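Single-structure report; data block below.
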Amino acid sequence: MVEFEELKSKLHGKLFLSSMMNLTDGSFCSERSRGCAMVQIGAYLAEPSAYGKFKSVLPPERRECIRFLSEECRKAKSRTDVYVCLNLASPKLEWAIEAAEAFWEAGGDLVELNVHGGYKRYLELGLLRAMVLPNNRQNMIKWLKALSNLEIPLIVKFRAGVIPDYPAVLEEIADINIFAVHFNIRDEDTKRPDFKFAEEIREKCPFLLFVSGYVRSADDAKKLFSIGVDMVGIAEPTIEDPNFIAKIADQLGIKEN
94 MVEFEELKSK
104 LHGKLFLSSM
114 MNLTDGSFCS
124 ERSRGCAMVQ
134 IGAYLAEPSA
144 YGKFKSVLPP
154 ERRECIRFLS
164 EECRKAKSRT
174 DVYVCLNLAS
184 PKLEWAIEAA
194 EAFWEAGGDL
204 VELNVHGGYK
214 RYLELGLLRA
224 MVLPNNRQNM
234 IKWLKALSNL
244 EIPLIVKFRA
254 GVIPDYPAVL
264 EEIADINIFA
274 VHFNIRDEDT
284 KRPDFKFAEE
294 IREKCPFLLF
304 VSGYVRSADD
314 AKKLFSIGVD
324 MVGIAEPTIE
334 DPNFIAKIAD
344 QLGIKEN
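Counting in my numbering, the sequence shown runs from 94 upward without gaps.
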């Protein structure tokens, strides 16, 4: 789609605030938006029956959900004109679709399906990072096809290391209208980004490639951009330093859109 191409050009080579569950609400994102081209709110859960029982569950009634998400977007954009992405998980596809549609109606810009997290209740259902396992993969593909048919651009967030055959997964979903894939590439042994993984995925990835995980310096981001990554995400360092991303952007000479 033409509007997707314009969006791609505005996000390419930029930094973003990567989602952190129970932290990255609209206000948190706003305070850390300088230097970002995109901020991610959530992870939010689309699970009407769990509303009020667990944190980060979206309101079950559509009008209230749109109102809530509209306010989140307003807060996120209150300091800088960033794109707002909803990081989303749900135990049912129909609930995920309803939430994505509500976010689009609320003025959101992109939605990210969380195929990354470790939320136990959802992992037991074969969701989140369990969706890439061979026995769950066809269900994941079903979800991606359905969500990609919506108006809002779709990002898919994966976690490096869950399976050894991510290139095969990318080949399986190559014909789906996905806007971008986002890999968390944190290496828990080295406490560094897994640059080798990013390089190998870049060679096989037919989509825009976003990465995050243990990015701690302008040099880290510069190396990832040199590999061919389209966007670099930063998360945890912003908890203590709201200007962390702004400082990296300034060092790299990244200008706001």
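We treat Cβ as the ideally placed atom computed from N, Cα and C, and that holds for glycine.
Only a predicted model underlies this, so the values are computations on that prediction, with no experimental measurement involved.
Within the segment 276 to 318, note down every full beta strand (DSSP E) run reaching 3 residues or more, in order along the chain.
Correct list: 301 to 305.
Is it right to say glutamate 165 is buried, meaning 16 or more other beta carbons lie within 10 angstroms of its own, or is it exposed?
It is buried - the Cβ of glutamate 165 has at least 16 other Cβ atoms within 10 Å.
Of the choices Arg285, Phe272, Leu151 and Arg167, whose alpha-carbon is the least far from that of serine 102?
Cα-wise, what sits closest to serine 102 is Phe272.
For a test of the three-state rule: what should DSSP assign to threonine 117, helix, strand or coil?
Here threonine 117 sits in strand by DSSP.
Starting from the C-beta of phenylalanine 97, find all residues in its chain whose C-beta is less than 7 Å away, skip the five residues before and the five after it, and write them out in chain order.
Closer than 7 Å at the Cβ level, and outside the excluded window around phenylalanine 97, lie Pro246 and Phe272.
Residues in its own chain within less than 6 Å of serine 319 by CB, not counting five upstream and five downstream?
Within the same chain, serine 319 has no close Cβ partners at all.
How would you write the range of the alpha helix (DSSP H) that phenylalanine 161 sits in, first residue to last?
155 to 169 is the span of the alpha helix (DSSP H), which, as asked, contains phenylalanine 161.
Apart from the five residues on each side of it in sequence, which residues of its chain come closer than 6 Å, Cβ to Cβ, to methionine 224?
Answer for methionine 224: Val208 and Met233, listed in chain order.
With a cut-off of 8 Å on the beta carbons, I'd call leucine 181 and tyrosine 137 a contact; round off their distance for me.
Going by Cβ atoms, the distance from leucine 181 to tyrosine 137 rounds to 6 Å, so yes, they are a contact pair.
Assuming proline 299 and leucine 263 form a contact by the criterion Cβ under 8 Å, report the distance between their Cβ atoms to the nearest whole angstrom.
Correct: roughly 7 Å between the Cβ atoms.
Between the C-alpha atoms of leucine 151 and alanine 169, what's the straight-line distance to the nearest angstrom?
Between leucine 151 and alanine 169, the C-alpha separation is close to 17 Å.
Would you check if the distance between the CB atom of valine 322 and the CB atom of valine 304 is smaller than 8 Å?
The answer is yes: Cβ separation under 8 Å.
Assuming glutamate 205 is part of the alpha helix (DSSP H), what are its boundary residues?
Premise fails: glutamate 205 lies in the beta strand (DSSP E), 203 to 208, not in any alpha helix (DSSP H).
What do you reckon, are the CB atoms on glutamate 191 and alanine 139 nearer than 8 Å?
The answer is yes: Cβ separation under 8 Å.
What are the start and end residues of the beta strand (DSSP E) that includes lysine 348?
Where lysine 348 is concerned, there is no enclosing beta strand (DSSP E), given that its DSSP letter is neither H nor E.
Take aspartate 313 as the anchor and find which of Ile332, Val175, Asp334 and Ala291 has the nearest alpha-carbon.
Here the closest residue by C-alpha is Ala291.
From Pro141, Leu203 and Tyr259, pick the residue whose C-alpha is nearest to that of proline 153; which is it?
Residue Pro141 is the option with its Cα nearest to proline 153.
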